[in-house]
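First up is the structure itself, then whatever we jot down about it.
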Amino acid sequence: MNKLYYGDNLEVLRRHIRSESVDLVYLDPPFQSGRDYNVLFEEQDGTKAKAQIKAFEDTWEWDTEAAQLYDETVREGGSVGNALEAFRQLLGGTPMLAYLSMMAPRLVELRRVLKPTGSIYLHCDSTAGAYLRLLMDSVFGPKNFRNDILWYYYNKMHDRRKKLFPRATDTLLFYVKDVTEPFVFKQLKEMRDKPTMQLARKKVDGRIVNAKDEDGHVIYRLKEDRTIDNVWRISTIQPADTKQRMGYPTQKPERLLERVIEASSNEGDVVLDPFCGCGTAIAVAQRMRRNWIGIDVTHLAVGLIKYRLLHSFGSAQGKDYEVIGEPTTLEGAIQLASDDRHQFEHWSLGLVGARKSAKAKGADKGVDGQLSFQEGGVGSPHQKVLISVKSGKVSSPMIRDLRGVLEREKAAIGLFITLEQPSRDMRTEAANAGFYESPWGKHAKLQILTIEDLLGGKSPDLPPFQRGGTTFAIPGVVPDEGQQGELL
1 MNKLYYGDNL EVLRRHIRSE SVDLVYLDPP FQSGRDYNVL FEEQDGTKAK AQIKAFEDTW
61 EWDTEAAQLY DETVREGGSV GNALEAFRQL LGGTPMLAYL SMMAPRLVEL RRVLKPTGSI
121 YLHCDSTAGA YLRLLMDSVF GPKNFRNDIL WYYYNKMHDR RKKLFPRATD TLLFYVKDVT
181 EPFVFKQLKE MRDKPTMQLA RKKVDGRIVN AKDEDGHVIY RLKEDRTIDN VWRISTIQPA
241 DTKQRMGYPT QKPERLLERV IEASSNEGDV VLDPFCGCGT AIAVAQRMRR NWIGIDVTHL
301 AVGLIKYRLL HSFGSAQGKD YEVIGEPTTL EGAIQLASDD RHQFEHWSLG LVGARKSAKA
361 KGADKGVDGQ LSFQEGGVGS PHQKVLISVK SGKVSSPMIR DLRGVLEREK AAIGLFITLE
421 QPSRDMRTEA ANAGFYESPW GKHAKLQILT IEDLLGGKSP DLPPFQRGGT TFAIPGVVPD
481 EGQQGELL
């Protein structure tokens, strides 16, 4: 079964992924850019509102954790340890050395899990690309290097204030596990913008010569396709590209992953993405009938991937793939809330198919997430479901606050998700909010759901999500035919 892991990919690789079990690795790790990246969501309820949620930090420090990773790798010795020691002589205790110390043991593990016939594509840019090429040589061996592929994204906006030539390329470092093994590689072709006339060639006595007709004239033929070389002219995802854009800051176009997966794997092979973000490699692998393993360290990313799979392919957690590392018990949820309340919030919203709302701050006191449904399908008014998540002490005033927001926002339903059990007064306060009436009946206007309820399989009482009715979908992901609506 396909697997999606929540957790540190180094730990996941060491504990869960068997040696020589993966056919293809694609990784798009942080680039050591020194920036924080946010997910930008556009609400689909007609308000044009936007929310920014921090996706990950691409900032590195030479601290105790980095030094421990460095020492661990150097103690192992070999070419990888030697490479890190050389980097330290060159770079000193800098953020770049911290970044490379993070990458080194992960690349070692990725080599371990690759089959002898496997391949790996590391996506990087000019920031750390030169160092990563040397590090990849130390892990895989220079003889196993196949290509540096330039992704030329010709339609990206540039900052004209910078005194440099605008950067319009990223690099994919393509290595194989062992060049002496029969690794998978298919020479790809693409259609030309304009067909061209080329000399016809043929083999004569072992030599390739120009083909000629009976009168000795050279033969030309119309050539409509061309062999894809190591410069891939593929546009970035643009704001108007609603079919695949998800707002994730480092999201790559599916066409890029299609080339990687088509060239270096077959149907039924296992594709691994250890920095899977919003899951483009996973989605493309699913569509191209590959098995897959995805790993990410945020519940935000894991939640995006789960709903991308559901609404692009109808793939359901537990039936078509397994999620490992998320809380499955009340004790696990309590531990997550104790460790990281923000991650707990993302995870809790994901239990009901929601995410952080653009209205999580300011006027909408206590509102953390939002859903939307359309009773009459596409073109009908959006009805809002506002969600509040609490991991600490709860009380009746919180229910009154949420009720006040529902009335002010003219929202259809409110969900109050709590880690603790609600009091009798809280349930009474919720009951006093009355009902929302839909074509499918009455639904409590303010519903209290405990984490224990949700883990036990209980769902909020909302209008049914069915063909011809409504459903939730991630912005930019086309739902199955006949389904309508958006996940907000």
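So the sequence shown is numbered by full-length UniProt numbering: it starts at 1 and just counts up by one.
The beta-carbon is built from N, C-alpha and C at its ideal position, and this holds for glycine as well.
Source: prediction; values computed, not measured.
| Query | Result |
| --- | --- |
| In DSSP terms, what Gln-447 is bridged to | Leu-415 |
| Identified DSSP bridge partners for Glu-61 | For Glu-61, which the question treats as bridged, DSSP gives no partner whatsoever. |
| Proximal residues to Met-398 (C-beta, below 8 angstroms), its chain only, five neighbours per side dropped | Gly-366, Ser-388, Lys-390, Phe-416 and Met-426 |
| Reference Gly-441, options Ser-423, Ala-431 and Asp-461, closest by Cα | Asp-461 |
| Three-way DSSP call (helix, strand, coil) for Tyr-131 in this model | helix |
| Start-to-end residues for the beta strand (DSSP E) that takes in Tyr-436 | 435-438 |
| Beta-carbon proximity list for Ser-264, same chain, < 7 angstroms, skipping 5 on both sides | Leu-24, Ser-119, Val-184 and Phe-185 |
| Simplified DSSP assignment, three categories, for Phe-140 | helix |
| Cβ neighbours of Asp-364 in the same chain (closer than 6 angstroms, five flanking residues each side left out) | Residue confidence is low: Asp-364 scores 49 on pLDDT, short of 50, so the model does not pin down where it sits. No coordinate-derived value is stated. |
| C-alpha gap between Val-231 and Trp-151, whole angstroms | 6 angstroms |
| Close beta carbons around Asp-213, own chain, < 7 angstroms, minus the five adjacent residues each side | Ile-219 |
| The ligand FAD heavy atom lying under 7 angstroms from the CB of Asn-9 | The model depicted lacks the ligand FAD and carries no ligand whatsoever. |
| Residue burial classification, Gly-350 (beta-carbon count within 10 angstroms, cutoff 16) | buried |
| Residue range of the alpha helix (DSSP H) that includes Gln-383 | Unbroken run through Gln-383 is the beta strand (DSSP E), 383-390; no alpha helix (DSSP H). |
| C-alpha distance - Leu-40 paired with Leu-336, whole-angstrom precision | Legend: pLDDT at Leu-40 = 36, less than 50; position of this residue unreliable, value from coordinates given subsequently. If I take the Cα positions, the gap works out to 25 angstroms. |
| Beta-ladder partner(s) of Asn-2, from DSSP | Tyr-321 |
| Gln-343, DSSP secondary structure in three states | helix |
| Asn-144 versus Gly-129, Asn-210, Arg-112 and Glu-181, residue with shortest Cα-Cα distance | Glu-181 |
| Residue range of the unbroken alpha helix (DSSP H) whose run includes Gln-89 | 78-91 |
| Own chain partners of Leu-172 with C-beta closer than 6 angstroms, once the 5 adjacent residues on each side are dropped | Tyr-121, His-123 and Ile-149 |
| Span of the beta strand (DSSP E) around Gln-370 | 369-373 |
| Environment of Ser-79 [buried if 16+ CB atoms lie within 10 Å] | exposed |
| Identity of the residues DSSP links to Gln-251 by a beta bridge | Paired residues: none, contrary to the question. |
| Option nearest Thr-169 by Cα separation, candidates Lys-162, Tyr-153 and Val-176 | Tyr-153 |
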